[in-house]
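First up is the structure itself, then whatever we jot down about it.
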Amino acid sequence: MKRTLLCLIAATLMGWSAQAQLNDGGIPLSFQAQLQEQYIPVSAYALPDWSSAIKQVEADEAKGKPQPYLMALFTASDLRFPESGTFVKTANGHQVWRAQVRVDGAKALGFYYDNFQLPKGVKLYVSNSNGNQILGAYTSSNNS
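Next up, the structure:
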């Protein structure tokens, strides 16, 4: 009970000072140009080994090393531009690069970008399959 209350208080306090990844908003060009029905390559990755991770947390706690709640795990991926997707030309001549990521059995996906470099003028959006959730636009101002 104490741990739950402490986590709830900590989450509330962190929420006040948290900063999200900045983005420019907007609607992806692929949605505006109605490209949803075209083939998009799928990069499929393995679900992380939750059983091993939970056992490790339990072992650490048994040794007196309290651990935070396990909320997410990383999985190795190699999504690359342009190899992992496909280009589509819109009616007005713009090029749209599209790719899909799938992790069977995952409740949710979050993305961590390493060596993130977008050229000026390029916008990156991430959306779920039905387009209800859209992240972005990420631009060259987000480069790492």
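Each step along the sequence shown adds one to the number in the numbering used here, with nothing skipped, and position 109 is 864. Glycine included, every Cβ here is placed at the ideal spot set by N, Cα and C. All of these numbers come straight from a predicted model, not from anything done at the bench.
Checklist entry - How about Leu873 and Ser895: do their beta carbons lie closer than 7 Å? => result A contact, by the Cβ cut-off of 7 Å.
Next on the checklist: Looking only at its chain, what residues have a beta carbon closer than 8 Å to the beta carbon of Gly860, apart from the 5 residues adjacent to it on each side?
Outcome noted: Once the five neighbours on either side are set aside, the close Cβ partners of Gly860 are Leu802.
Checklist entry - Taking the DSSP output, what are the residues bridged to Phe842? => result As DSSP reads the structure, Phe842 sits in a beta bridge with Trp852.
Item to check | Of the listed residues Asn898, Gln850, Gln888, nearest to Gly781 (C-alpha basis) | outcome: Considering only alpha carbons, the answer is Gln888.
Next on the checklist: Let's test the definition: count the other Cβ atoms within 10 Å of the Cβ of Val851 and tell me whether it reaches 16, buried, or not, exposed.
Outcome noted: Burial call: buried.
Checklist entry - Which residues in the same chain have their Cβ closer than 8 Å to the Cβ of Ile795, if we skip the five residues on either side of it in sequence? => result Here the set comprises Gly840, Thr841, Arg853, Ala854, Gln855.
Checklist entry - Quick one: what does DSSP say Leu784 is sitting in, helix, strand or coil? => result Looking at Leu784 - three-state DSSP - the assignment turns out to be helix.
Checklist entry - Grouping DSSP H, G and I as helix and E and B as strand, with all else coil, what is Ile795? => result It is coil, neither helix nor strand.
Checklist entry - Taking the beta strand (DSSP E) that Ser882 falls in, what are its first and last residues? => result First-last of the beta strand (DSSP E) with Ser882: 879-882.
Checklist entry - When DSSP labels each residue in this structure, what does Ala892 get in the three-state scheme? => result In the structure shown, Ala892 adopts extended strand secondary structure according to DSSP, grouped into three states.
Checklist entry - Which value, in whole angstroms, describes the spacing of the CA atoms of Gly848 and Ala788? => result Rounded to the nearest whole angstrom, the C-alpha separation of Gly848 and Ala788 is 11 Å.
Checklist entry - How close, in whole Å, do the beta carbons of Arg835 and Val797 come, if the pair is a contact with beta carbons under 8 Å? => result With a Cβ gap of about 14 Å, Arg835 and Val797 do not count as contacting.
Checklist entry - Are the Cβ atoms of Ser832 and Phe871 separated by less than 7 Å? => result At the C-beta level, Ser832 and Phe871 stay beyond 7 Å of one another.
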